[in-house]
Amino acid sequence: KMFLGMYIAFLISWICFFIHADSMDSRFGLSVGSLFAVIGNKYIIDSALPESSSFTLVDTLHGLTLFCILAVASATVYSLRLVKKNKHAEADRFDKLMAVLVLVFYVALNIYFIIDATS
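In case it helps, this note's numbering puts the sequence shown at residues 1140 to 1258.
As C-alpha cells, then:
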C-alpha cells in the first residue's frame, strides 16, 4: 500500500519505451514527472514511519526506482541520438530491448530486496 505510488510512477516512466522515439517531449515529460512523484512519495512515507538512522527497505526501493527512472531517461537520450542520425529502426530495437531489460532488472531487484528484508 505504501509503495503503490512508487510503482505506478515507475510504470509511467517505463511506458516511455512504447512512445515513438521522435516524441521526445512526451518521453522526457513522463520521466521527469515520475522522478518528482517518487521523491514526493518517499517524503510522504518517511513522515508516516518512525525516524531511523539506518538504510531501510523504503530507502532501498525508492533508490532503486529512482535509478531505473534515470536509466529510462538515459535510454531516451540515446534513442534521440539514433533518431537524429536517421536510425529509426535501430532506435525502435533499442527501446524494445531496454524496456525488457529495465523491467526485468527492476522486478528482480524488488523481489530480492523484499525477500532479503523479510528473512
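Virtual Cβ for every residue (Gly too), placed ideally from N, Cα, C. Computed from a prediction, not measured in an experiment: that's the story for all the values here.
In angstroms with no decimal places, state the Cα-to-Cα distance between residue i and residue j.
i: residue 1235; j: residue 1182; result: 33 Å
i: residue 1247; j: residue 1194; result: 20 Å
i: residue 1152; j: residue 1241; result: 11 Å
i: residue 1252; j: residue 1198; result: 11 Å
i: residue 1256; j: residue 1227; result: 43 Å
i: residue 1249; j: residue 1233; result: 24 Å
i: residue 1191; j: residue 1213; result: 32 Å
i: residue 1189; j: residue 1140; result: 17 Å
Are the beta-carbon atoms of residue i and residue j separated by less than 8 Å?
i: residue 1215; j: residue 1175; result: no
i: residue 1208; j: residue 1173; result: yes
i: residue 1149; j: residue 1204; result: yes
So, for residue i: in the same chain, excluding its five sequence neighbours on each side, which residues have a beta-carbon less than 7 Å away from its beta-carbon?
i: residue 1155; result: 1166, 1169, 1170, 1211, 1215
i: residue 1161; result: 1222
i: residue 1145; result: 1177, 1180, 1200, 1201, 1204
Can you find the residues in the same chain that come closer than 6 Å, C-beta to C-beta, to residue i, ignoring five residues on each side of it along the sequence?
i: residue 1245; result: 1207
i: residue 1230; result: 1160, 1218, 1221, 1222
May I ask which residues mark the beginning and end of the alpha helix (DSSP H) holding residue i?
i: residue 1237; result: 1227–1257
i: residue 1160; result: Neither: residue 1160 is in no alpha helix (DSSP H) and is coded neither H nor E.
i: residue 1191; result: Run containing residue 1191: none; DSSP gives neither H nor E here.
i: residue 1223; result: 1196–1223
i: residue 1156; result: From DSSP, residue 1156 is part of no alpha helix (DSSP H); its letter is neither H nor E.
What do you get for residue i, buried or exposed, if any count of 16 or more other CB atoms within 10 angstroms of its CB means buried?
i: residue 1239; result: exposed
i: residue 1261; result: A query on residue 1261 cannot be resolved here, the shown segment of the chain reaching from 1140 to 1258 and no further.
i: residue 1225; result: exposed
Compare the C-beta of residue i with all C-beta atoms of chain D and state if any pair is closer than 8 Å.
i: residue 1170; result: Absent from the structure: chain D. Only one protein chain is present.
Between residue i and the ligand SAM, is the CB less than 7 Å from at least one heavy atom?
i: residue 1232; result: Inclusion of the ligand SAM in the displayed structure is not the case, the ligand content being empty and no account of it being possible.
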